[in-house]
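Okay, so here's the structure we're looking at.
In this note's numbering, the protein residues as written are 34 to 393.
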C-alpha cells in the first residue's frame with residue numbers, strides 16, 4: 034500500500050505535465066497498459082487472502098479510477114487547446130470581399146467579342162458564316178479573284194509564300210478571306226448570302242498593321258442584287274455595331290481587281306479629346322471597301338455573269354474593334370497582357386444580342 038500511496042501522486046503529476054495527446058497516451062500506457070504499474074498491482078490480487086483482497090483491492094481500484102478520471106479530464110483540456118490553436122491559425126476574415134468565380138474572373142478578348150457581335154448582326158439579316166483554310170493556293174487567293182500576273186499583291190513583300198512545289202506552284206498564307214468567297218461560289222449555287230470572318234496574313238508591322246490580322250467579308254449573289262441593297266446592308270450594320278440611332282455614310286469611287294464598280298466607304302464621326310464618336314460631327318473616317326462582284330470573278334467561279342450579279346465588301350475586325358472600344362495600338366490586341374485583357378475584355382456570360390445589347 035505504501036507503493037500505491039507514492040505511485041498515484043507520481044502518475045497524476047505526469048498526467049498534469051503532459052503537453053499533448055501523444056505524451057498523455059504514453060502516461061496512460063505506463064499506468065494502465067498490460068504492463069502498466071497499476072495493472073501490475075491489480076494482477077497481484079489473485080495471490081492475496083480474502084481479507085487482504087478486500088482492503089487492498091478497493092484501494093487499487095480506487096487508484097485506477099482516480100488515474101482514469103485524471104486522464105479523461107486532461108485529454109479534454111488538450112483537445113480544447115488543440116481546437117483553439119487550429120481555429121486561431123485558420124481564422125477567416127469575413128470582412129474580405131468574395132473571390133471572383135471563374136465565370137467572373139475570366140475575360141473574352143475584344144476580337145472574339147467583336148467577331149460574335151458582327152456574326153449576330155449579319156445573322157439577323159439572313160447571312161450564314163462561311164470558313165476556309167488559312168493556307169491557300171495562288172489560284173484561289175489571286176487568279177480567280179481577277180488579280181493579273183505581276184500584280185504587286187503577288188510579290189514576296191506583301192505575301193507569305195511557301196517554298197515552290199515540283200510543278201513550280203506555291204502555296205501561301207491567305208492575304209484576305211476572299212478565297213472563302215471563291216470556295217463558296219464553287220460549291221454552292223446562287224442565291225448566296227454569306228459572311229467570311231477569319232485570320233489573314235501580310236508582311237507588314239507597325240502601330241496599325243500586324244503580320245497576322247482578322248477580316249470579315251460579305252458576299253451576296255442573286256439575279257437582282259444591286260448597290261442599293263449593299264448600301265442598306267452596310268448602313269444597318271454600322272448602326273447596329275456602333276449602337277447609334279443613325280449614321281451618315283459616304284461612298285467614294287475606288288479600284289479593286291475583284292469588283293467593278295468599286296467603292297470606299299466613309300462614316301460620319303466626331304473627333305473629340307482623343308475619342309471618336311460615330312453618328313455625329315463633321316468628320317469622316319474610312320472603314321471598308323466594297324463593290325459589285327467583277328464579271329470575271331463570277332465567270333472564274335462557274336457563275337454566268339449574264340444571269341447573276343452580286344456585291345461584296347470587306348473590313349478589318351481588328352480595326353472596327355479598335356474604333357468601337359477605344360484601343361489605341363493594334364499591337365496591344367496580341368500582347369497577351371492579362372491586365373490589358375481585364376480592362377478591355379468581356380465577361381464570358383455577356384453574350385451579344387440585338388435585343389439585350391451587343392456590348393452591355
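The beta carbon of each residue, even a glycine, is placed where N, CA and C say it ideally should be. It should be emphasised that the depicted structure is a prediction, and the values quoted were computed from it without experimental measurement.
Among 360, 128, 108 and 382, the one whose alpha carbon lies nearest that of residue 48: Here residue 48 refers to the residue found at position 15 of the chain shown. Per the C-alpha coordinates, the member of 360, 128, 108 and 382 positioned closest to residue 48 is 108.
DSSP state of residue 327 mapped onto helix, strand, coil: Reading the chain shown from its first residue, position 294 is the one you call residue 327. Note: residue 327 maps to coil in three-state DSSP.
Cut-off 8 Å between Cβ atoms - residues of its own chain near residue 93, not counting five sequence neighbours on either side: Position 60 of the chain shown, counted from the first residue, corresponds to residue 93. Excluding positions up to five away in sequence, the list reads 37, 71, 74, 75 and 78.
Unbroken beta strand (DSSP E) run spanning residue 119, endpoints: For the purposes of this step, residue 119 is identified with residue 86 of the chain shown, where counting begins at 1. That residue, residue 119, is in no beta strand (DSSP E); its alpha helix (DSSP H) goes 83 to 122.
Length of the line joining the Cα atoms of residue 309 and residue 169: By one-based count along the chain shown, residue 309 stands at place 276. By one-based count along the chain shown, residue 169 stands at place 136. The alpha-carbon atoms of residue 309 and residue 169 are separated by roughly 37 Å.
Residue 222 versus residue 335: straight-line alpha-carbon distance, rounded: Against the chain shown, residue 222 aligns to sequence position 189. Against the chain shown, residue 335 aligns to sequence position 302. Approximately 9 Å, taken between the alpha carbons.
Cβ separation of residue 249 and residue 228, assumed to be a contact under 8 Å, to the nearest whole Å: Position 216 of the chain shown, counting from 1, holds the residue named residue 249. Position 195 of the chain shown, counting from 1, holds the residue named residue 228. Contact flag correct, Cβ pair sits at about 6 Å.
Proximity to residue 343 [Cα-Cα], best of 255, 126, 147 and 314: The residue you call residue 343 lines up with position 310 of the chain shown. Among 255, 126, 147 and 314, the Cα nearest to that of residue 343 is on 255.
Beta-carbon contacts of residue 160 that lie in its chain and below 8 Å, excluding the five residues immediately before and after: In the chain shown, the residue the question calls residue 160 occupies position 127. Hits under 8 Å: 226, 227, 228 and 251.
Which of helix, strand or coil DSSP assigns to residue 53: As a first step, residue 53 must be located in the chain shown, where it is residue number 20. In the three-state reduction of the DSSP assignment, residue 53 falls in the coil class.
Stretch-stretch touch, CB-based, cutoff 8 Å, three pairs: the region 208 to 216 with the region 311 to 321: no
Three-state class that DSSP yields for residue 197 in the structure shown: Your numbering for residue 197 matches position 164 in the chain shown. Residue 197: coil per DSSP, three-state reduction.
Boundaries (first-last residue) of the alpha helix (DSSP H) holding residue 125: As a first step, residue 125 must be located in the chain shown, where it is residue number 92. Per DSSP, residue 125 is not a residue of any alpha helix (DSSP H), being assigned neither H nor E.
Cα-Cα separation, residue 366 to residue 205: Translated into the one-based positions of the chain shown, residue 366 becomes position 333. Translated into the one-based positions of the chain shown, residue 205 becomes position 172. The straight-line gap from Cα to Cα measures roughly 24 Å.
7 Å CB neighbourhood of residue 185 in its chain, flanking five on each side removed: As a working note, residue 185 is residue 152 in the chain shown. Excluding residues within five positions, the ones whose Cβ falls inside 7 Å are 191.
Where residue 96 falls, given that 16 or more other Cβ within 10 Å makes a residue buried: Here the question's residue 96 lines up with position 63 in the chain shown. Classification of residue 96: buried, given that the 10 Å Cβ count is 16 or more.
Whole-angstrom distance between residue 134 and residue 208, CA atom to CA atom: Translated into positions along the chain shown, residue 208 becomes position 175. Translated into positions along the chain shown, residue 134 becomes position 101. Distance between the alpha carbons of residue 208 and residue 134: 40 Å.
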